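A.B. asks:
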Amino acid sequence: MKNNWTLPLFSWVLSTVILEILAITNLHTLPSSGSKQAVVIDEAFFLLIYICIPIFTLITVFLIYSVFKFRSKGRPDKDGPHVTNSRNLSYVWVIGSFILVAFVFVHPGVTGVLELRAEEKRVPDVVIQAEAQKWSWKIMYLKEGVYSRNEIVLPAYYNTKFYVTSKDVLHAFWIPAFRVKIDAVPGMTTHVNATPTKLGNFDEDVNYRLQCAELCGIGHAQMSIPVRVLSENDYKTWLKNQKSLR
Amino acid sequence: MTQLKFLWPITRGLIGAIIGLLVGLGVGLSVSSLTGNPATEINISFSYVFALLGWLLGVGVWNSWIREWIGIKPSYFEAKNWQRYFGFSMDHKVIGVQYLVTFVILFLLGGFFALLMRIELADSGEGLLGPNYYNTIMSLHGIIMVAVAVAAIIGGLSNYVLPLMIGAEDVAFPRINALSFWIIPPVAILLILTPLFGGFDSGWTAYPPLSVTNADGQLLFLFAFLTFGLSSILGGLNFLTTTICLRAPGMTWGRLPIFVWSIVAASIISVTATQVVAFGLLMVILDRVAGMVFFDAGLGGKPLLYEHVFWFYSHPAVYIMILPAFGALLEMVSHFSRKPLFGYKLVVASFLSITALSFLVWAHHLFTSGMDEFLHIPFMAITELISVPTGVVFLSALGTIWRGKLWLVTPMLFVVGTVFNFLIGGLTGIFLADVATDIHLQDTYFVVAHFHYTMMGGEIFMLFGAIYYWFPKMTGRLYNETLGRLHFITMFLTYNALFITMFIVGTNGMNRRVWTYPENLQDGNILIGVFSLLLGLSFIPFVYNMVASWARGTVSGNNPWGATTLEWATDSPPPEENFAHPPKVDEGPYTYGQSGRKETQATPI
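Take a look at the structure:
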């Protein structure tokens with residue numbers, strides 16, 4: 001029976017190597033990365049892909065191999081062997097999957113959460129309140145006392161804290177280029193941090209947009225405003241031209 | 001006229017519904033004039049509740065049930081042949097078929113709604129539906145498919161085969177069983193009527209405050225969901241009791257076919273979790289109709305509370321759908337590999353662990369909801385932990401196929417396809433259990449693709465596989481194998497093409513529940529649209545095959561698969577009392593490969 005194992009094990013290793021190489025070189029499905037948070041989240045995403053590939057190939061290869069190797073033409077005239085269990089294989093499988101889960105939980109799971117929280121704990125350079133209302137955003141620069149309705153402008157490299165509120169129903173604050181997302185809940189103030197790592201704007205990259213991500217009624221799909229990341233000087237000039245909150 | 005006699009129960013039900021509607025309208029009008037509250041929603045609520053009662057009384061509850069309580073002889077007309085399916089039948093086999101046919105029709109309707117959505121989404125700008133209709137159609141697609149997924153596999157499949165598999169004459173509560181089916185038509189009618197009442201744009205999750213403040217159609221949806229929950233609780237109760245009390249002599253717990261175990265595990269969830277969501281829905285109804293403020297933040301309400309209550313049911317609910325699918329998968333994998341199920345006890349243990357753990361993972365839907373951050377890590381841990389018992393299903397399936405004698409007929413092809421689909425569904429679940437990646441992926445098409453891979457690729461694929469598998473038992477005829485294979489291959493290929501593309505589009509920033517999106521995502525969406533049209537077409541051979549084979553397929557005989565479980569030991573279709581002689585069981589369900597095995601294990605007394 002040894003022969004049964006050689007080919008699928010070899011195919012498993014081979015297909016894993018091929019898929020891993022393809023994933024490392026060719027996988028570009030995430031939007032452009034524009035913040036420190038995006039780096040953490042993207043690393044976790046790719047690490048999970050690399051971890052999932054051998055599991056995917058293991059089961060797929062053995063499934064396909066078994067289907068071709070053990071198929072009978074038409075109705076089988078004999079039964080297979082009366083094998084009901086294999087204690088060792090069960091132990092290996094359950095303990096193995098438990099170890100995998102524990103690994104994924106610690107890294108990128110807990111480590112990712114802690115990295116994002118470390119960013120949250122830093123004293124913010126810019127404090128913004130984003131107020132959602134069907135179906136628009138009001139972006140208030142709390143330290144500077146100005147606000148903007150038709151776009152959200154940020155200085156590059158500065159840690160920005162967003163306090164998110166809603167005046168009516170649930171909404172969600174999501175900037176795809178930064179990967180950050182948090183719901184706007186009536187009666188609560190939620191918060192999220194983002195530190196832009198490069199200049200960018202909506203006209204060049206649609207992922208620079210503040211998009212509502214929680215269904216909020218008819219206008220939900222269009223509840224989106226452009227995001228613009230400027231250099232510090234440009235940002236200061238822009239601030240001067242904004243309407244005062246008071 | 002006598003030929004149409006079989007339509008009497010439905011006619012009486014409709015008359016009862018109309019009388020109930022008028023009574024309810026009267027009550028509603030008087031309540032609203034007494035209290036001075038705005039009338040519309042109070043009228044809708046009272047009219048619906050009374051119409052539902054009228055319908056149930058008329059369709060059979062009065063004649064075959066309540067008359068007995070007040071000392072009148074129950075009288076009901078039991079039709080013959082196919083006409084039985086239109087009445088208040090208490091035969092679990094009739095009810096099973098009623099469920100299955102109803103839900104295949106609703107499944108096709110839900111699929112049609114999906115196609116309408118894809119037509120709108122073929123263009124990044126405004127298309128066929130526009131914002132209001134899009135949201136309503138999207139919400140209808142969601143709730144109809146969720147209802148199909150829950151009810152067709154438990155109400156349909158398990159109703160038909162569970163009593164046969166354990167050697168019972170019927171379920172424990174036949175009248176409750178009939179009731180749980182006849183509650184369903186009002187649900188479907190309410191949902192279909194929602195567009196006339198302004199639609200409902202809240203999705204099937206119906207998060208307040210939106211669901212408290214939007215059009216009246218929302219109220220219809222809430223009542224529909226609530227009523228459906230009642231049916232689901234009654235069904236779960238029935239299957240648990242049946243399995244506990246009505247097993248044939250010798251059918252010990254260790255000899256139960258694995259499908260029965262999966263129904264037990266799923267039924268525990270449906271009798272213990274459903275009332276939680278029902279109460280959440282009731283709170284929204286009371287907010288709307290009675291002016292209560294459970295979710296009005298301005299008056300001290302908490303919108304986040306609903307999200308917790310909703311997912312406390314709705315995450316376990318996905319296991320109500322997938323556990324029976326696992327059960328059916330492992331059932332078929334044993335019969336079509338001609339090998340005993342690999343690791344039976346381990347699988348039972350893992351089903352029960354999934355049931356337990358399923359109650360402790362709900363807040364992974366809320367990583368970005370603003371709930372307290374210290375909950376993130378524990379819920380990530382438990383969510384990832386549930387993949388250990390789920391992984392056992394793969395071990396058992398592969399272990400059974402290994403060195404078996406595989407018979408690759410349509411149901412077995414669906415089994416192989418489901419293992420592949422659910423593998424992708426399970427692995428992509430890790431990305432959503434991981435807090436960091438979930439922050440980006442939450443509410444994108446990645447989530448949509450993930451739950452379609454588990455719910456459709458896992459459960460609905462298995463539902464179709466199981467329909468093919470038990471079709472000879474239900475009808476006494478064989479389906480057409482060529483058409484069955486055509487259905488599998490087209491469905492499997494187009495399905496995977498569709499939802500793999502959806503993963504890519506979703507990761508790339510396509511958020512869900514939108515009718516318009518940035519232009520750079522248009523190519524992906526057009527591809528998804530084309531694949532979904534092809535996926536829709538793949539059901540044509542299925543429908544034709546079922547209808548034509550039921551009418552004039554080859555007669556199958558009692559046990560065309562040579563399977564060892566008890567349902568194959570009786571006639572196809574089984575007689576009304578299921579077994580001509582009550583069966584006695586003296587061995588386990590999967591005796592393949594045992595020396596001197598009998599063709600079936602039923603030994604007539």
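Same order as they appear, the protein sequences are chains A and B.
Positions 1 to 246 (the working numbering) are the ones given, in order, by the first sequence.
Positions 1 to 605 (the working numbering) are the ones given, in order, by the second sequence.
The beta-carbon is built from N, C-alpha and C at its ideal position, and this holds for glycine as well.
Please read these numbers as outputs of a predicted model, since none were measured by experiment.
Checking contacts by CB at 9 Å: is B/M283 closer than that to chain A?
C.D. replies: Taking the first residue of the second sequence as 1, we reach residue 283 of chain B at position 283. B/M283 does not count as touching chain A.
A.B. asks: What's the gap between the Cα of A/L210 and the Cα of B/G58?
C.D. replies: The count along the first sequence starts at 1 and reaches residue 210 of chain A at position 210. The count along the second sequence starts at 1 and reaches residue 58 of chain B at position 58. Their backbone Cα atoms lie some 54 Å apart in a straight line.
A.B. asks: Should the stretch 2-20 of chain B be called in touch with the stretch 159-167 of chain A, which here means at least 3 C-beta pairs below 8 Å?
C.D. replies: The stretch 2-20 of chain B, when compared against the stretch 159-167 of chain A, does not touch it at the 8 Å Cβ threshold.
A.B. asks: Could you tell me whether the Cβ atoms of B/V260 and B/V309 are closer together than 9 Å?
C.D. replies: Within the second sequence, numbered from 1, the residue matching residue 260 of chain B stands at position 260. Within the second sequence, numbered from 1, the residue matching residue 309 of chain B stands at position 309. No, the Cβ-Cβ distance between B/V260 and B/V309 is not below 9 Å.
A.B. asks: Measuring only between beta-carbons, confirm whether B/H315 sits less than 9 Å from chain A.
C.D. replies: Residue 315 of chain B sits at position 315 when you count from the first residue of the second sequence. Chain A contact via Cβ: absent.
A.B. asks: Measure from the C-beta of B/A436 to each C-beta in chain A and report whether the shortest distance is under 9 Å.
C.D. replies: Start at 1 with the first residue of the second sequence, and residue 436 of chain B comes out as number 436. B/A436 counts as touching chain A.
A.B. asks: If you count every other CB in all the chains shown that lies within 10 Å of the CB of B/E459, and 16 or more means buried, which is it?
C.D. replies: As a working note, residue 459 of chain B is residue 459 in the second sequence. With 16 or more other Cβ atoms within 10 Å, it is buried.
A.B. asks: For B/V104, count neighbouring Cβ atoms within 10 angstroms of its own Cβ and tell me buried if that reaches 16, exposed if not.
C.D. replies: Taking the first residue of the second sequence as 1, we reach residue 104 of chain B at position 104. Flag for B/V104 reads buried.
A.B. asks: Tell me the DSSP secondary structure of A/T189 in three-state form.
C.D. replies: The residue labelled residue 189 of chain A in the question sits at position 189 within the first sequence. Coil.
A.B. asks: Where do the N-terminal and C-terminal ends of the alpha helix (DSSP H) with B/F312 fall, by residue?
C.D. replies: The residue given as residue 312 of chain B occupies position 312 in the second sequence. It spans P303 to S337 - the alpha helix (DSSP H) in which B/F312 sits, taken as one unbroken run.
A.B. asks: Give the interface partners of A/L217 over in chain B, defined as CB-CB distance under 7 Å, in chain order.
C.D. replies: For the purposes of this step, residue 217 of chain A is taken as residue 217 along the first sequence, with counting starting at 1. Note on residue identity: the sequence assigns Gly, not Leu, to residue 217 of chain A. Ordered by position in chain B, the residues that pass the 7 Å Cβ test against A/G217 are D201, L210 and N214.
A.B. asks: What is the DSSP secondary structure of A/V323, counted as helix, strand or coil?
C.D. replies: What is shown of chain A runs 1 to 246, which leaves residue 323 of chain A out entirely.
A.B. asks: Which runs of the alpha helix (DSSP H) at least 4 residues long sit entirely within the stretch 534-583 of chain B? Give them in chain order.
C.D. replies: Listed in chain order, the complete alpha helix (DSSP H) runs (minimum 4 residues) inside the stretch 534-583 of chain B are 539-552.
A.B. asks: Measuring alpha carbon to alpha carbon, tell me which of A/T111, A/L114 and A/R228 ends up nearest A/L199.
C.D. replies: The sequence position of residue 199 of chain A within the first sequence is 199, counting from 1. Cα-wise, what sits closest to A/L199 is A/R228.
A.B. asks: Does the stretch 82-97 of chain B come into contact with the stretch 196-203 of chain B, if we say contact requires no fewer than three beta-carbon pairs (one atom in each stretch) closer than 8 Å?
C.D. replies: Output reads no: the stretch 196-203 of chain B does not touch the stretch 82-97 of chain B.
A.B. asks: In chain A, which residues lie with their C-beta within 7 Å of the C-beta of B/M380?
C.D. replies: Reading the second sequence from its first residue, position 380 is the one you call residue 380 of chain B. F105 and G109, listed in chain order.
A.B. asks: Return the first residue and the last residue of the alpha helix (DSSP H) that B/L441 is part of.
C.D. replies: Stepping through the second sequence from its first residue, residue 441 of chain B is reached at position 441. Run containing B/L441: V435 to L441, per the alpha helix (DSSP H) assignment.
A.B. asks: Please list, in chain order, all residues of the same chain as B/G96 whose beta carbon is under 6 Å from its beta carbon, the five residues on each side excluded.
C.D. replies: For this step, residue 96 of chain B is matched to residue 96 along the second sequence. G156, N159 and Y160.
A.B. asks: Report yes or no: do three or more beta-carbon pairs, one from the stretch 178-191 of chain B and one from the stretch 55-73 of chain B, lie closer than 8 Å?
C.D. replies: Yes, the stretch 178-191 of chain B touches the stretch 55-73 of chain B.
A.B. asks: Should A/E204 be labelled buried (16 or more other beta-carbon atoms within 10 Å of its own) or exposed?
C.D. replies: Start at 1 with the first residue of the first sequence, and residue 204 of chain A comes out as number 204. Burial call: exposed.
A.B. asks: With 7 Å as the C-beta to C-beta threshold (strictly closer), list the residues of the stretch 24-49 of chain A near chain B in chain order.
C.D. replies: Cβ contacts with chain B come from T29, L30, P31, V40, I41, A44, F45 and L48.
A.B. asks: How about B/R513: is its C-beta nearer than 9 Å to some C-beta of chain A?
C.D. replies: Within the second sequence, the letter at position 513 stands for residue 513 of chain B. For B/R513, the answer is yes, since a Cβ of chain A falls inside 9 Å of its Cβ.
A.B. asks: Would A/K73 be called buried (16 or more neighbouring beta carbons within 10 Å of its own) or exposed?
C.D. replies: As a first step, residue 73 of chain A is located in the first sequence; it is residue number 73 there, counting from the start. Classification of A/K73: exposed, given that the 10 Å Cβ count is below 16.
A.B. asks: Inspect the CB distances between the stretch 335-346 of chain B and the stretch 280-298 of chain B and report whether three or more fall short of 8 Å.
C.D. replies: No, they do not touch.
A.B. asks: Measuring only between beta-carbons, confirm whether B/T600 sits less than 9 Å from chain A.
C.D. replies: For this step, residue 600 of chain B is matched to residue 600 along the second sequence. For B/T600, the predicted structure reports a pLDDT of 46, less than 50, and the residue's modelled location is therefore unreliable. A value from the coordinates is still provided. Chain A contact via Cβ: absent.
A.B. asks: Under 8 Å, CB to CB, which of the residues in the stretch 328-348 of chain B have a partner in chain A?
C.D. replies: Those residues of the stretch 328-348 of chain B that come within reach of chain A (Cβ to Cβ, closer than 8 Å) are S337, R338, K339, P340, L341, F342, G343, Y344, K345 and L346.
A.B. asks: With a CB to CB cut of under 6 Å and the five nearest residues on each side skipped, what residues in its chain are close to B/F471?
C.D. replies: Translated into positions along the second sequence, residue 471 of chain B becomes position 471. These residues qualify, in order along the chain: Y479.
A.B. asks: Roughly how many angstroms lie between the CA atoms of A/N201 and B/P518, to the nearest whole one?
C.D. replies: Counting from one through the first sequence, the residue named residue 201 of chain A turns up at place 201. Counting from one through the second sequence, the residue named residue 518 of chain B turns up at place 518. Approximately 14 Å between the Cα atoms of the pair.
A.B. asks: How big is the Cα-Cα spacing for A/F98 and B/L385?
C.D. replies: Indexing the first sequence from 1 puts residue 98 of chain A at position 98. Indexing the second sequence from 1 puts residue 385 of chain B at position 385. Rounded to whole angstroms, A/F98 to B/L385 spans 7 Å at the Cα level.
A.B. asks: Looking at chain A, is there any beta carbon in it that lies within less than 9 Å of the beta carbon of B/V419?
C.D. replies: Numbered from 1 along the second sequence, position 419 holds the residue referred to as residue 419 of chain B. Interface residue, yes.
A.B. asks: When you compare only the Cα positions, how much space is there between B/I377 and B/G327?
C.D. replies: Indexing the second sequence from 1 puts residue 377 of chain B at position 377. Indexing the second sequence from 1 puts residue 327 of chain B at position 327. So the two alpha carbons sit approximately 31 Å from each other.
A.B. asks: Is the CB of A/G145 under 9 Å away from at least one CB in chain B?
C.D. replies: Taking the first sequence and counting its residues from 1, the one referred to as residue 145 of chain A is at position 145. It does not; no Cβ of chain B falls within 9 Å.
A.B. asks: Determine which residues of the stretch 269-301 of chain B have a Cβ less than 7 Å from any Cβ of chain A, and write them out in chain order.
C.D. replies: So the list reads A297, given in the order they occur along the chain.
A.B. asks: Applying a beta-carbon distance threshold of less than 7 Å, which residues of chain B neighbour A/W5?
C.D. replies: In the first sequence, the residue the question calls residue 5 of chain A occupies position 5. Ordered by position in chain B, no residue passes the 7 Å Cβ test against A/W5, which lies about 10 Å from the chain.
A.B. asks: When burial is assigned at 16 or more other CB atoms within 10 Å of the CB, is A/K236 buried or exposed?
C.D. replies: Mapped onto the first sequence, residue 236 of chain A falls at position 236. So A/K236 counts as exposed.
A.B. asks: Take A/V61 and list the residues in its own chain whose beta-carbon comes closer than 8 Å to its own, dropping the five residues that flank it on each side.
C.D. replies: Taking the first sequence and counting its residues from 1, one reaches residue 61 of chain A at position 61. Around A/V61: P8, S11, W12 and S15.
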